[in-house]
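In UniProt numbering, the protein residues as written are 1 to 304.
This report refers to the structure that appears directly beneath it.
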């Protein structure tokens, strides 16, 4: 291998190339790198000269990579990951003085139920750090991790890539939330008879609870489907509607004293909440600090 070829390389240009490969759009690449569009366009022209290839061909509103661009990217991405790891090992991380920006993916239930108390502690320990939170679910986590839009995600997980690492944070206990107080929890018959609100990010009217009920030969009536948990307190207030949701989200909503949490009226399978990240950030001091604090503050064990 001729190391002299590296003298032609500009790491900043390689980062622009990687971002263009992921975004396939100059405007989005500029936004992600906090640069102007003219800067990205100029960098692309330089890349085309250095790599002796058009690299991208415009197809509608997208920029489709050439065969050579695909081949270069296949070798370049792991090299950039390795370089990022190597550089991270040269610095320590002090949360008390750091001004870093962390990009975190949280499912809606975690954002509502677990983020607020965790953030209060994180703000005390790292007052100048910026946290950017994106919505994730088990479908979106792999793509957002691969693109670098997030470096760590907390959600239920399925089908993770081979270079992903996973840490179980807690077992989710499904709970029922209602606005009408009662000295006794709902029976199974009452649960099935009451009108339900379902939280579905994909606009479905059937969820986990319907699958579990079907297993025991029962059904329920979903009369409203909404895309996020934060809408539930206002929707349930003053009605006979009930909702099924994770225990930690129900606890946060019931803390106001206007809603009431109770256990499910039948046995349910175990659901897991996990933290996921890619192996190339495994040893980064800043990311390790972030993961350790998220684990301590959002897992079932008491925070330390």
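Backbone N, C-alpha and C fix where the C-beta goes; we use that ideal spot for every residue, glycine too.
Small disclaimer: the values here were computed from a predicted structure and weren't measured.
Closer than 8 Å to a non-hydrogen atom of the ligand ZN - does that hold for the CB of residue 197? This structure lacks the ligand ZN, and indeed carries no ligand of any kind.
Through-space distance from residue 159 to residue 205, alpha-carbon basis: Looking up residue 205 in the chain shown gives position 205. Looking up residue 159 in the chain shown gives position 159. In a straight line, the C-alpha of residue 205 is about 24 Å away from that of residue 159.
Three CB pairs or more closer than 8 Å across the stretch 256 to 265 and the stretch 146 to 154: no
Touching by the beta-carbon criterion (3+ pairs, under 8 Å), the stretch 111 to 118 and the stretch 49 to 61: no
For residue 304, which residues of its own chain have a beta-carbon under 6 Å away from its beta-carbon, when the five flanking residues on both sides are left out? Translated into positions along the chain shown, residue 304 becomes position 304. Here residue 304 scores only 42 on pLDDT, less than 50, and its place in the model should not be relied on; the value that follows carries that caveat. Counting only Cβ-Cβ distances below 6 Å, and skipping sequence neighbours, we find 296.
Proximity winner among 109, 97, 18, 268, relative to residue 73 (alpha-carbon distances): Stepping through the chain shown from its first residue, residue 73 is reached at position 73. Among 109, 97, 18, 268, the Cα nearest to that of residue 73 is on 18.
Within 10 angstroms of its Cβ, does residue 302 collect 16 or more other Cβ (buried), or is it exposed? Within the chain shown, the letter at position 302 stands for residue 302. For residue 302, the predicted structure reports a pLDDT of 48, less than 50, and the residue's modelled location is therefore unreliable. The matter cannot be settled from this model.
Would DSSP call residue 160 helix, strand or coil? Here residue 160 is taken as the residue at index 160 of the chain shown, counted from 1. Here residue 160 sits in coil by DSSP.
For a quick check, are the C-beta atoms of residue 112 and residue 131 less than 9 Å apart? The residue given as residue 112 occupies position 112 in the chain shown. The residue given as residue 131 occupies position 131 in the chain shown. No, these two residues do not count as a Cβ contact at 9 Å.
For the beta strand (DSSP E) holding residue 32, just list the boundary residues, first then last. As a position in the chain shown, residue 32 is number 32, starting the count at 1. Note, residue 32: premise wrong, no beta strand (DSSP E); alpha helix (DSSP H) at 26 to 33.
Would you please state the rounded distance, in angstroms, between the beta carbons of residue 29 and residue 11? I believe it to be under 8 Å. As a working note, residue 29 is residue 29 in the chain shown. As a working note, residue 11 is residue 11 in the chain shown. That pair is no contact at about 16 Å.
Distance, Cα to Cα, residue 167 vs residue 137? On the chain shown, position 167 is the one that residue 167 refers to. On the chain shown, position 137 is the one that residue 137 refers to. Those two C-alpha atoms are separated by around 16 Å.
Return the residue from the list 239, 173, 282, 228 that minimises the CA-CA distance to residue 195. As a first step, residue 195 must be located in the chain shown, where it is residue number 195. The shortest C-alpha separation from residue 195 is found at 239.
Going by beta-carbon coordinates alone, are residue 233 and residue 198 separated by less than 9 Å? Start at 1 with the first residue of the chain shown, and residue 233 comes out as number 233. Start at 1 with the first residue of the chain shown, and residue 198 comes out as number 198. Not closer than 9 Å, so no.
Give me the Cα-Cα distance between residue 25 and residue 123, rounded to the nearest whole angstrom. Residue mapping note: residue 25 aligns to position 25 of the chain shown, counting from 1. Residue mapping note: residue 123 aligns to position 123 of the chain shown, counting from 1. So the two alpha carbons sit approximately 35 Å from each other.
Coil, strand or helix - residue 183 by DSSP: The residue given as residue 183 occupies position 183 in the chain shown. Note: residue 183 maps to coil in three-state DSSP.
I need the DSSP call for residue 211, collapsed to helix, strand or coil. By one-based count along the chain shown, residue 211 stands at place 211. Correct three-state label for residue 211: helix.
Spatial neighbours of residue 271 within its chain, please: CB distance less than 8 Å, with the 5 preceding and 5 following residues excluded, ordered by chain position. Locating residue 271 in the chain shown gives position 271, where the first residue counts as 1. Once the five neighbours on either side are set aside, the close Cβ partners of residue 271 are 156, 171, 172, 174, 208, 246.
Roughly how many angstroms lie between the CA atoms of residue 235 and residue 229, to the nearest whole one? Residue numbering aside, residue 235 sits at position 235 when the chain shown is read from its first letter. Residue numbering aside, residue 229 sits at position 229 when the chain shown is read from its first letter. Taking the straight line joining both Cα atoms gives about 10 Å.
Measuring CA to CA, which of 268, 280, 276 is closest to residue 291? The count along the chain shown starts at 1 and reaches residue 291 at position 291. If we check each option's Cα against that of residue 291, 276 comes out closest.
If residue 278 sits next to residue 163, beta carbons under 8 Å apart, how far is it from one beta carbon to the other, in whole angstroms? For the purposes of this step, residue 278 is taken as the residue at position 278 of the chain shown. For the purposes of this step, residue 163 is taken as the residue at position 163 of the chain shown. The Cβ separation is near 5 Å, so the contact holds.
Is the CB-CB distance between residue 80 and residue 15 below 9 Å? Stepping through the chain shown from its first residue, residue 80 is reached at position 80. Stepping through the chain shown from its first residue, residue 15 is reached at position 15. Yes, the pair counts as a contact, with Cβ atoms nearer than the cut-off.
Going by beta carbon distance, what residues of the same chain come within less than 8 Å of residue 1, once the five residues before and after it are set aside? Looking up residue 1 in the chain shown gives position 1. Because the pLDDT of residue 1 is 47, which lies under 50, any placement of that residue in the model is unreliable, and the question is left without a value.
DSSP state of residue 257, grouped into three classes? Counting from one through the chain shown, the residue named residue 257 turns up at place 257. Three-state result, residue 257: coil.
Taking DSSP's pairing of strands, which residues face residue 153 in a bridge? Counting from 1 along the chain shown, the entry for residue 153 is found at position 153. In DSSP, residue 153 forms a bridge with 105, 276.
Would residue 201 and residue 135 be called neighbours here (beta carbons separated by less than 9 Å)? In the chain shown, the residue the question calls residue 201 occupies position 201. In the chain shown, the residue the question calls residue 135 occupies position 135. For residue 201 and residue 135, yes; Cβs fall inside 9 Å.
Would you mind giving the Cβ-Cβ distance between residue 254 and residue 186, rounded to the nearest angstrom? I have them listed as a contact below 8 Å. Taking the chain shown and counting its residues from 1, the one referred to as residue 254 is at position 254. Taking the chain shown and counting its residues from 1, the one referred to as residue 186 is at position 186. That pair is no contact at about 15 Å.
Counting C-beta neighbours from all protein chains within 10 Å, is the total for residue 65 16 or more, i.e. buried, or is it exposed? Position 65 of the chain shown holds residue 65. Flag for residue 65 reads buried.
Note the first and the last residue of the continuous alpha helix (DSSP H) segment covering residue 55. Numbered from 1 along the chain shown, position 55 holds the residue referred to as residue 55. Run containing residue 55: none; DSSP gives neither H nor E here.
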